[in-house]
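For reference, the structure discussed in these notes is given below.
This is how it looks when you write it as structure tokens:
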């Protein structure tokens, strides 16, 4: 979970805005939890905008308006039905747990060519998909990429994520490699194979 410190707050035309101390890795449509600000601003909301200018209200068409002469960095805007609040200093936090949704259980099942006839398989495939999404998104972040949580950046990344999810499924019941009944030896660890790393574009040299 990522948590950010709130420094200012204001509310106009049923839209609340909080300013954060530091830049936040948030996206439009992402769920956030505002806490420690006050009873009006606190709660769980959906990010509607990440404005870099002062919000001045809503026009007759319902569009958000801004004062482009007054830049304000690190703002988060969300819908909140309440009385207007003048911009003022504030304390509190905004927290969010990023959830990546690049691939799902069916994607992995199709790649593995397995039938989801057993409830336990469906559940486990769903867990593998969630784990693959989270892991691959995080590894690409560590490699310097800035990706959307909901839209996969490219088909090679999608395939790499599916392949990694398939590897997790195949390792079911095993600690560090694909499960095997072969008494002659064990297979090498291939969960993060070179081809998966190549598809995800990770482990690349860090350059300025």
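In the numbering used here, the protein residues as written are -11 to 196.
All C-beta atoms, glycine included, are put in the ideal place defined by N, C-alpha and C.
query, result
"Cβ separation of residue 82 and residue 22, assumed to be a contact under 8 Å, to the nearest whole Å", "5 Å"
"Bridge partner(s) assigned by DSSP for residue 72", "The partner list for residue 72 (beta bridge, DSSP) is empty, contrary to what the question assumes."
"Residue from 89, 85, 137 with nearest C-alpha to residue 33", "85"
"Pairwise C-alpha distance: residue 37 and residue 91", "26 Å"
"Cβ-based burial, residue 8 [other Cβ within 10 Å; buried from 16]", "buried"
"Helix, strand or coil at residue 4 according to DSSP, with G and I counted as helix", "strand"
"Range of the contiguous beta strand (DSSP E) that encloses residue 59", "52 to 59"
"Supposed contact pair residue 44 and residue 0 - C-beta distance, whole angstroms, cut 8 Å", "7 Å"
"Alpha carbon of residue 53 to alpha carbon of residue 70, nearest angstrom", "18 Å"
"Residue environment, residue 39, which counts as buried when at least 16 other CB atoms sit within 10 Å", "buried"
"Buried or exposed by the 16-neighbour rule on C-beta atoms within 10 Å, applied to residue 18", "buried"
"Helix, strand or coil at residue 29 [DSSP, three-state]", "coil"
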